[in-house]
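Colleague: Let me begin by handing over the structure; questions about it come next.
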Amino acid sequence: MEQIVALQALSHAVDIDQAARILEKADRILIMGCSGTGKSTLAQAIASLRGLAYVSMDRDIFWLPGWKLRPRPEAIALIEQAVAGPRWIMDGNSPGTLPLRLPRAELVIWRRPPRHVALRGVISRWLRYRGRSRPEMAPGCPERLDWKFLRYIWTFERDEAPQFQEMLEQHGRNVPVVTLKSYREGEDLLSRLRGKS
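Note that numbering that gives the first Met the number 0 has the sequence shown beginning at 0, numbered continuously upward.
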């Protein structure tokens, strides 16, 4: 049975129509959510439609070749540099860095489909890129899949989502948040944006 954590409603939640209107003009957007939910795909599509710089937390901030984690002070400096830019869309998680990212964001897109959707997304991505680095990952980091990562996805709603909610309430009270619970909702958001571009 799907384990969904009942989180308190965000005071700054918006629906897809409202998010599309905000996206029309927003210059700084965060996309967060579980691995395998299509964050990078959606971010790149919006970046293309809006002419925004695309920042991948995995590729541009956290990982060095050979799956080496970038030292935290360097990663923080890169995040600060990225969010200081005038126009960007950034995908990735790391709730501990949201205090740096949220104050500059004009919209948060939170991808929250059921975990079986995330698992299917991660497995199909692994099959597609097995042995190679995907475009949203640092060079020299071939796609991998292990039980620890699958467990992270399985328990994401229970263990990670409450941290995201807390950070949104503490550091992003004035930032509108749209929650997308399926791939279709992501496509609906893009369709509305395309209709306005």
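Cβ atoms here follow ideal geometry from the backbone N, Cα and C, with glycine treated the same way.
Can you confirm whether A44, when its beta carbon is compared against all beta carbons of chain B, has any partner nearer than 7 Å?
Modeller: Of the protein chains in the structure, only one exists, and it is not chain B.
Colleague: If you reduce the DSSP assignment to three classes, tell me which class I15 lands in.
Modeller: Reading the sequence shown from its first residue, position 16 is the one you call residue 15. Of the three classes helix, strand and coil, the one that applies to I15 here is helix, per DSSP.
Colleague: Tell me the start and end of each unbroken beta strand (DSSP E) in the segment 53-111 that is at least 3 residues and wholly inside, in chain order.
Modeller: Correct list: 87-90, 106-110.
Colleague: Flag this pair as yes or no: are the beta carbons of A117 and G185 separated by less than 7 Å?
Modeller: On the sequence shown, position 118 is the one that residue 117 refers to. On the sequence shown, position 186 is the one that residue 185 refers to. It is not a contact, given that the beta carbons lie outside the stated cut-off.
Colleague: Do the CB positions of R110 and L179 come within less than 7 Å of each other?
Modeller: Residue mapping note: residue 110 aligns to position 111 of the sequence shown, counting from 1. Residue mapping note: residue 179 aligns to position 180 of the sequence shown, counting from 1. Their beta carbons are under 7 Å apart, which means R110 touches L179 by this criterion.
Colleague: Distance, Cα to Cα, W62 vs E73?
Modeller: Along the sequence shown, read from residue 1 onward, the residue named residue 62 stands at position 63. Along the sequence shown, read from residue 1 onward, the residue named residue 73 stands at position 74. Cα to Cα, the separation comes out at about 11 Å.
Colleague: Quick test of your reading: G65 and G130, contact by CB under 8 Å. State the CB separation rounded to the nearest angstrom.
Modeller: To locate residue 65, count along the sequence shown from 1; it is residue 66. To locate residue 130, count along the sequence shown from 1; it is residue 131. Not really, about 14 Å apart at Cβ, beyond 8 Å.
Colleague: Alpha carbon to alpha carbon, how far is L29 from S55? Give it in angstroms, no decimals.
Modeller: Counting from 1 along the sequence shown, the entry for residue 55 is found at position 56. Counting from 1 along the sequence shown, the entry for residue 29 is found at position 30. Roughly 10 Å between the two C-alpha positions.
Colleague: Compute the distance between the beta-carbons of L97 and H170, then report whether it is under 7 Å.
Modeller: Position 98 of the sequence shown, counted from the first residue, corresponds to residue 97. Position 171 of the sequence shown, counted from the first residue, corresponds to residue 170. Yes, Cβ-Cβ distance for L97 and H170 is below 7 Å.
Colleague: Is R172 helix, strand or coil by DSSP?
Modeller: Position 173 of the sequence shown holds residue 172. Looking at R172 - three-state DSSP - the assignment turns out to be coil, as it is neither helix nor strand.
Colleague: Determine the contact status of I60 and L77, defining contact as a CB-CB distance below 7 Å.
Modeller: Counting from 1 along the sequence shown, the entry for residue 60 is found at position 61. Counting from 1 along the sequence shown, the entry for residue 77 is found at position 78. In this structure, L77 lies closer than 7 Å to I60 by Cβ.
Colleague: Rounded to the nearest angstrom, what separates Y128 and D14 at their Cα positions?
Modeller: Here residue 128 corresponds to residue number 129 of the sequence shown, with the count starting at 1. Here residue 14 corresponds to residue number 15 of the sequence shown, with the count starting at 1. Distance between the alpha carbons of Y128 and D14 is about 34 Å.
Colleague: Assuming V176 and V82 are in contact, meaning their beta carbons sit under 8 Å apart, how far apart are those beta carbons, in whole angstroms?
Modeller: What you label residue 176 is simply residue 177 of the sequence shown in a count that begins at 1. What you label residue 82 is simply residue 83 of the sequence shown in a count that begins at 1. V176 to V82, Cβ: 17 Å. No contact.
Colleague: Just tell me which of R49, S93, T40, K67 has its CA closest to the CA of F155.
Modeller: Within the sequence shown, residue 155 is the residue found at index 156, counting from 1. Closest option to F155, Cα to Cα, is S93.
Colleague: Following the continuous alpha helix (DSSP H) through G120, name the residue where it begins and the one where it ends.
Modeller: Reading the sequence shown from its first residue, position 121 is the one you call residue 120. Unbroken alpha helix (DSSP H) run through G120: 114-128.
Colleague: Could you tell me the alpha carbon to alpha carbon distance between I21 and R157, rounded to whole angstroms?
Modeller: What you label residue 21 is simply residue 22 of the sequence shown in a count that begins at 1. What you label residue 157 is simply residue 158 of the sequence shown in a count that begins at 1. Approximately 29 Å between the Cα atoms of the pair.
Colleague: Is T40 helix, strand or coil by DSSP?
Modeller: Position 41 of the sequence shown, counted from the start, is the residue given in the question as residue 40. T40: helix per DSSP, three-state reduction.
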